[in-house]
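>
Protein chains in written order, with our numbering: chain A, 1 to 137; chain B, 1001 to 1143.
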C-alpha cells in the first residue's frame, strides 16, 4: 500500500506554491512530500525524469516507484487527502476523466497567468524551511 | 357545527377501531425494531470497521430512538382524521392509519440505511487503492 507521494512542483509559480500550502493543510491519508521540479535534489532522487529545467506538467511519484503525470498526478494528490478521496475516484471515472484531463491541462498551461492575475508571487508563499523535498509533518 | 356525542354502537366502533390501531401499530413497531436490531448488526459492525462493542451500542441506541419516534408518532396520530362511527369507517380508519405508520417506518428505515451506508463508505475510503494506474515505474524501484 502506498504510504507517501512525492509531488514535483514548479517552484517559479506562485499559484503552485499556494496549492502546495493548501494540500499540506488538509488532513491526509498518505504523507505528501513536495520537491521543486528541476532542482538538484529532484535530479538526484529521480535521475530518469531528466534534469532539464521545469517539466510542463505536474509529476507525482509514489513510494512504490509509480510515476503519474498530468491529470493522473492531480487525481493522486486528491486521493491523498481524507476529504477529497471520493472526488479522486469520481474524477478518475470514465465519465469525468476527459473533463478532468481538459481542466487540469488548462490550469497547468495557464498557471503563470493565474499566478499573475491573482497576484501570487512565488516568494510570497515560499516557506521558511529548505524548499527542496521537505516532507510533511 | 355542533359535535354530536357518540353513543351506543358508534362509540364502541370508534373505541374498537382505536384499540385495533394502537395494538397493530405498536405490534408493527416492535416487529420492525426487532428485525432491524437482529439483521442490522452485521451491517453496523462493518460500518464501524469491526468494532463490535461500538456497533452493539449504536444498535441498541438506534432501537431506543426508533421506539421513541414511532410510538410517539402513533400516539399523536390517533385523533387525526375521521372518527369511525360504523364498521366501514372503522376499516377505513384502521387502513389509513396503518398505512401512515408503515410509510413513516419505511422512511425512517431508509434514512437510517442512508446514514450508515454513508458512514461505511467513508470508513472504507482509508483502504481504497488509487483510482488511477501509474504511467510507468522508476527503474531503481522496479529492480
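Yeah, the Cβ is synthetic: ideal placement off N, Cα and C, and Gly gets one too.
Here the structure is a predicted model, which is why all the values come from computation and not from measurement.
8 angstroms is my cut-off, CB to CB: does residue 130 of chain A come that close to chain B?
Confidence at residue 130 of chain A is low in this model, with a pLDDT of 46, below 50, so the placement of that residue is unreliable and no value is reported for it.
> Quick one: any contact between the region 101–121 of chain A and the region 6–20 of chain A, if contact means 3 or more CB pairs under 8 angstroms?
In short, these stretches touch, since the Cβ pair count reaches three.
> Within the chosen definition, does the region 1017–1036 of chain B reach the region 1059–1074 of chain B through at least 3 CB pairs nearer than 8 angstroms?
The answer is yes - the region 1059–1074 of chain B touches the region 1017–1036 of chain B, with three or more Cβ pairs under 8 angstroms.
> Mark residue 130 of chain A as exposed unless 16 or more other C-beta atoms lie within 10 angstroms of its C-beta, in which case mark it buried.
Confidence in residue 130 of chain A is poor, its pLDDT being 46 and thus under 50, which makes the residue's placement too unreliable to answer from.
> Use the C-beta contact count for residue 6 of chain A: other C-beta atoms within 10 angstroms, 16 or more gives buried, fewer gives exposed.
Residue 6 of chain A is buried by the Cβ-count criterion.
> Residues in the region 1111–1134 of chain B with C-beta within 9 angstroms of chain A's C-beta atoms, listed in sequence order?
Cβ contacts with chain A: 1121, 1122, 1125, 1126, 1127, 1128, 1129, 1130, 1131, 1132, 1133, 1134.
> Is DSSP giving residue 34 of chain A helix, strand or coil here?
Three-state DSSP puts residue 34 of chain A in a strand.
> Which residue's Cα is closest to the Cα of residue 66 of chain A: A:102, A:98, A:43, A:49?
Taking only the C-alpha atoms, the option nearest residue 66 of chain A is A:49.
> Does chain A have any CB closer than 8 angstroms to the CB of residue 1137 of chain B?
Chain A, which has a Cβ nearer than 8 angstroms to the Cβ of residue 1137 of chain B, makes this yes.
> Would you kindly work out how many angstroms separate the C-alpha atoms of residue 44 of chain A and residue 1122 of chain B, rounded to a whole number?
For residue 44 of chain A and residue 1122 of chain B, the distance between alpha carbons rounds to 38 angstroms.
> For residue 135 of chain A, which of helix, strand or coil comes out of DSSP?
In this predicted model, residue 135 of chain A has a pLDDT of only 45, less than 50, meaning its place in the structure is not dependable; the value taken from the coordinates is given anyway. Reduced to three states, the DSSP call for residue 135 of chain A is strand.
> At which residues does the beta strand (DSSP E) containing residue 68 of chain A begin and terminate?
66–69 is the span of the beta strand (DSSP E), which, as asked, contains residue 68 of chain A.
> Using a Cβ-Cβ cut-off of less than 9 angstroms, list which residues of the region 17–40 of chain A approach chain B; keep chain order.
Residues passing the 9 angstroms Cβ filter: 29.
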